[in-house]
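Q: When you line the sequence shown up against this note's numbering, it's residues 158 to 406, in that order.
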Amino acid sequence: MSSDSEYERTATLVPGGPDGAEPRLLPAAVDETVMAPAPEPYVAPDAQVAAVPDAAAQPHIAPRVRTRPKWVVPVAIAAIGLIASGALGYLFYSTNTKLEATRHTLTTAQLTLDSTKQQLTAAQADAATKKVTADYLALYTADAGKVRTDYEQVVACSNYATCRTSAQQALTDMQAFQSDRKAANVPSSLSASDSELGDSLSAGTAALQELISGMDNDQVAKVKDGFAKLDESMLSMAKAEADLGSELK
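1. Out of Asp307, Arg338, Ala318, Asn342, state which residue places its alpha-carbon closest to the alpha-carbon of Leu328.
2. Flag this pair as yes or no: are the beta carbons of Met391 and Leu358 separated by less than 8 Å?
3. How about Ser350 and Leu270: do their beta carbons lie closer than 8 Å?
4. Looking only at its own chain, which residues have a Cβ that is under 7 Å from the Cβ of Ala333, when we skip the five neighbours before and after it?
5. Exposed or buried, what is Ala204 when buried is set at 16 or more other beta-carbons lying within 10 Å of its beta-carbon?
6. Short of 8 Å in beta carbon distance, which residues of its chain neighbour Lys396, apart from the five on each side in sequence? Order them along the chain.
7. Near Gln366, which residues of its chain fall below 7 Å by C-beta distance, leaving aside the five closest residues on each side in sequence?
8. For Ser393, which residues from the same chain have a beta carbon less than 6 Å from its beta carbon, with the 5 sequence-adjacent residues on both sides left out?
9. Quick one: Cα of Asp292 to Cα of Gln310, how far?
10. Between Lys381 and Ser336, what straight-line distance do the alpha-carbon atoms span, to the nearest angstrom?
11. Use the C-beta contact count for Leu405: other C-beta atoms within 10 angstroms, 16 or more gives buried, fewer gives exposed.
12. Beta-carbon separation of Gly355 and Arg338 under 8 Å?
13. Take the Cβ of Leu387 as the centre, count every other Cβ of all protein chains shown within 10 Å, and call the residue buried at 16 or more, exposed below.
14. Within 10 angstroms of its Cβ, does Ala324 collect 16 or more other Cβ (buried), or is it exposed?
15. Report the rounded CA-to-CA distance for Ala208 versus Ile237, giving the unit in angstroms.
16. Could you give the DSSP three-state label for Asn253: helix, strand or coil?
17. Can you check the stretch 344 to 387 for any alpha helix (DSSP H) of at least 4 residues that lies completely inside it and give the ranges in chain order?
18. Identify whether Cys320 lies in helix, strand or coil by the three-state DSSP scheme.
19. Whose CA, out of Ile240, Pro344, Ala363, lies closest to the CA of Leu294?
20. Tell me whether Tyr317 is buried or exposed, calling it buried when 16 or more other Cβ atoms sit within 10 Å of its Cβ.
21. Let's test the definition: count the other Cβ atoms within 10 Å of the Cβ of Gly302 and tell me whether it reaches 16, buried, or not, exposed.
22. When burial is assigned at 16 or more other CB atoms within 10 Å of the CB, is Val304 buried or exposed?
Structure follows, in structure tokens:
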């Protein structure tokens, strides 16, 4: 028989049977009173309520504030800096590209403007030259026409009065032609024919003066010599006019 602090067990030895079987040991009886759990003590409802701690009486525990790691702010600032620098870089690139395009357009426009100015200058110079030429030709045509008409009158005259009047008119118009030619702005391209014209006008003026002097003094030799020299001057004037036409082509 064995003992335990909580319960005791008793083993019963059963003798062997008539057939000579060995005796066997029966299991000990269990004391149910010992094995049964002890009943919980009775607690009154009021005592149960009192046993629950009052929520208001419990100490207030502040919620734990979750703090950010120290590296978050620098990383965020760096990220913002990268974004800002990227945006600024794109802005600078875009602005620089637009400025380069504007500079290229301005350069092209300036070249076009310079070319246009050169063309205008050339056109103005050409127009100025053409105007000078046109003015000179107008002067030449008007004065030469007068001198040619006067010459025809001198050649056609048949008496002293008519010849004297025609010769004087021719002299006046020829001297005027010479003065207008010297005062005119002669184009450089017409300078050769103009110089030839000036020589012929000088010779014609001298011939008419001799002719008039012979008429006034009744000197036939002077009259004949004056007529001959006048013819030569008019031929020289015709040659200058032909050269002028060649220079205008």
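Just so you know, even glycine gets a beta-carbon here, dropped at the ideal spot from N, CA and C.
Bear in mind the structure is a predicted one, so any value in this text is a computation, not a measurement.
A: If we stick to the structure as given:
1. Along the sequence shown, one-based indexing puts residue 328 at 171. Selected option, being the one with the closest Cα: Asp307.
2. To locate residue 391, count along the sequence shown from 1; it is residue 234. To locate residue 358, count along the sequence shown from 1; it is residue 201. No; because the gap between Cβ atoms is not below 8 Å, this pair is not in contact.
3. Against the sequence shown, residue 350 aligns to sequence position 193. Against the sequence shown, residue 270 aligns to sequence position 113. In terms of Cβ geometry, Ser350 and Leu270 do not form a close pair [threshold 8 Å].
4. For this step, residue 333 is matched to residue 176 along the sequence shown. Cβ within range, chain order: Asp300.
5. Mapped onto the sequence shown, residue 204 falls at position 47. Annotation note: pLDDT 46 at Ala204 (below 50); position unreliable, coordinate value reported separately. It is exposed - the Cβ of Ala204 has fewer than 16 other Cβ atoms within 10 Å.
6. As a working note, residue 396 is residue 239 in the sequence shown. Scanning its chain for C-beta atoms nearer than 8 Å, with the 5 sequence neighbours on each side dropped, one finds around Lys396 the residues Glu353, Ser357, in chain order.
7. Working through the sequence shown from its first residue, we reach residue 366 at position 209. Cβ within range, chain order: Leu328.
8. For this step, residue 393 is matched to residue 236 along the sequence shown. Around Ser393: Ser357.
9. Residue numbering aside, residue 292 sits at position 135 when the sequence shown is read from its first letter. Residue numbering aside, residue 310 sits at position 153 when the sequence shown is read from its first letter. Annotation: Asp292 to Gln310 spans about 28 Å, alpha carbon to alpha carbon.
10. Numbered from 1 along the sequence shown, position 224 holds the residue referred to as residue 381. Numbered from 1 along the sequence shown, position 179 holds the residue referred to as residue 336. In this structure, the straight-line span from the alpha carbon of Lys381 to that of Ser336 is close to 27 Å.
11. For the purposes of this step, residue 405 is taken as residue 248 along the sequence shown, with counting starting at 1. Exposed is the call here.
12. As a first step, residue 355 must be located in the sequence shown, where it is residue number 198. As a first step, residue 338 must be located in the sequence shown, where it is residue number 181. One thing to note: Gly355 has its Cβ within 8 Å of the Cβ of Arg338.
13. As a first step, residue 387 is located in the sequence shown; it is residue number 230 there, counting from the start. By the 10 Å Cβ count, Leu387 comes out buried.
14. In the sequence shown, counting from the first residue as 1, residue 324 sits at position 167. When all chains shown are included, Ala324 counts as buried.
15. Working through the sequence shown from its first residue, we reach residue 208 at position 51. Working through the sequence shown from its first residue, we reach residue 237 at position 80. Note that Ala208 scores a pLDDT of 49, beneath 50, so its modelled location is shaky; the value from the coordinates is reported in the next line. Roughly 58 Å separates the two Cα atoms.
16. By one-based count along the sequence shown, residue 253 stands at place 96. In the structure shown, Asn253 adopts helical secondary structure according to DSSP, grouped into three states.
17. Listed in chain order, the complete alpha helix (DSSP H) runs (minimum 4 residues) inside the stretch 344 to 387 are 348 to 373.
18. For the purposes of this step, residue 320 is taken as the residue at position 163 of the sequence shown. Helix at Cys320.
19. Residue 294 sits at position 137 when you count from the first residue of the sequence shown. Closest option to Leu294, Cα to Cα, is Pro344.
20. Taking the first residue of the sequence shown as position 1, residue 317 is located at position 160. With fewer than 16 Cβ atoms within 10 Å of its Cβ, Tyr317 is classed as exposed.
21. To locate residue 302, count along the sequence shown from 1; it is residue 145. The residue is exposed, with fewer than 16 neighbouring Cβ atoms inside 10 Å.
22. Locating residue 304 in the sequence shown gives position 147, counting from the first residue. Residue burial annotation: Val304 is buried, with at least 16 other C-beta atoms found within 10 angstroms of its C-beta.
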